[in-house]
Structure formats: C-alpha cells, structure tokens
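Just below is one structure, and these are the notes that go with it.
In the numbering used here, the protein residues as written are 1384 to 1519.
Listed below in structure tokens is the structure:
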C-alpha cells in the first residue's frame, strides 16, 4: 500500500547514467534507508555500461539520494514511528537529471496477499472464458 510519494535526485557516476539511458536498470528487491541523516538507495541493479573500458561501475553499489534536510527528517520520523518502508517506484530523467520516485509504503500481511492472488486468478479465469466465447 503506497501512502505517499517523493521525488529525489540520485548521485551517479558517468557509466551509470549511460546505462540508465539505455534502460538497463532493475528495481526488484530494492529499498531506501536513512543513515547518519543521509538517505541511500540499496540493491538497485544498474547493469555495467557495454561500451565502457576498465573504469566501469559496480552494478549494485549503494547510491546516495539527494533530498532536502526537512524531507529527510520527515521521512525518518515516519519510518521510525509507523514501521513504514521507502521503496523506489521508478527511475526517470527530468531535465537531463536522473530522478527516482520513492514510495512510502506499508507492508502487506499474508492474508492481504492471498486476497490479491485470488482476485488475480478470478480475473484470469474471466478473461479466459470471454476469449472462448468470442471464438465460438
């Protein structure tokens, strides 16, 4: 459940920017954490740039996010108080600068997951039946 979204800049090296422009980024299992009053993006996989030489980047390195002090303090308070998590939703470019959209999310319980799986299965069955009726 996404409660709130934020936009943050990302501190990147040159080969990471070039890989992002090629669309070679994976946000699966990634999250943001606050350490010493700074916010970092962890487990984001940006593939090595194909045309780079020996000076390529580490694909899963920890990357610093750029937010204002008030925003970081606000997020830190919400995370500690309510047990929420910061998750990157998408990475995009805005005026030639790489940005990440962070979502302040609340985890799902197992019964919530079961309900979602049941809904997805029902929708799949409905589509299958509709497809069969169209063919006959």
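Each residue gets a CB set at the ideal place from its N, CA and C atoms; glycine is no exception. Remember, it's a predicted structure, so these values are computed and weren't measured experimentally.
### Message
Quick check on residue 1451: does DSSP put it in helix, strand or coil?
### Response
Reading the chain shown from its first residue, position 68 is the one you call residue 1451. For residue 1451, the secondary structure class from DSSP, reduced to helix, strand or coil, is coil.
### Reduced DSSP secondary structure (H/G/I, E/B, other) of residue 1398
Residue 1398 sits at position 15 when you count from the first residue of the chain shown. Residue 1398 carries a helical assignment under DSSP once its states are collapsed to helix, strand and coil.
### Query
Taking all protein chains shown into account, do 16 or more other C-beta atoms lie within 10 angstroms of the C-beta of residue 1476, making it buried, or fewer, making it exposed?
Sequence index remark: in the chain shown, residue 1476 carries index 93 (1-based). Classification for residue 1476: exposed.
### Query
Helix, strand or coil for residue 1525 per DSSP?
An answer regarding residue 1525 cannot be provided, because it is not within the stretch 1384 to 1519 covered by the chain.
### Message
With a threshold of 6 Å on Cβ separation, who are the neighbours of residue 1452 within its own chain once the five nearest residues in sequence on each side are excluded?
### Response
Within the chain shown, residue 1452 is the residue found at index 69, counting from 1. Correct list: empty, nothing qualifies.
### Message
Could you give the first and the last residue of the continuous beta strand (DSSP E) run that contains residue 1425?
### Response
Counting from 1 along the chain shown, the entry for residue 1425 is found at position 42. Its beta strand (DSSP E) spans residues 1421-1425.
### Query
Once you ignore the five residues that flank residue 1395 on each side, which residues in its own chain have a CB closer than 7 Å to its CB?
In the chain shown, the residue the question calls residue 1395 occupies position 12. Taken in chain order, the residues that qualify are 1446, 1481.
### Query
Can you tell which of 1387, 1415, 1427, 1418 has the C-alpha that lies nearest to the C-alpha of residue 1403?
Here the question's residue 1403 lines up with position 20 in the chain shown. Scanning 1387, 1415, 1427, 1418 for the CA closest to the CA of residue 1403 turns up 1427.
### Message
Taking the straight line between their C-alpha atoms, what separation do you get for residue 1442 and residue 1431?
### Response
Here residue 1442 refers to the residue found at position 59 of the chain shown. Here residue 1431 refers to the residue found at position 48 of the chain shown. About 6 Å.
### Task
In the DSSP assignment, find the unbroken beta strand (DSSP E) run with residue 1391 in it and report its ends.
By one-based count along the chain shown, residue 1391 stands at place 8. Residue 1391 -> beta strand (DSSP E) spans 1385-1393.
### Task
Count the other CB atoms, across all protein chains shown, that sit within 10 Å of the CB of residue 1440; report buried if there are 16 or more and exposed otherwise.
Here residue 1440 refers to the residue found at position 57 of the chain shown. Answer is buried; the Cβ neighbour count reaches 16.
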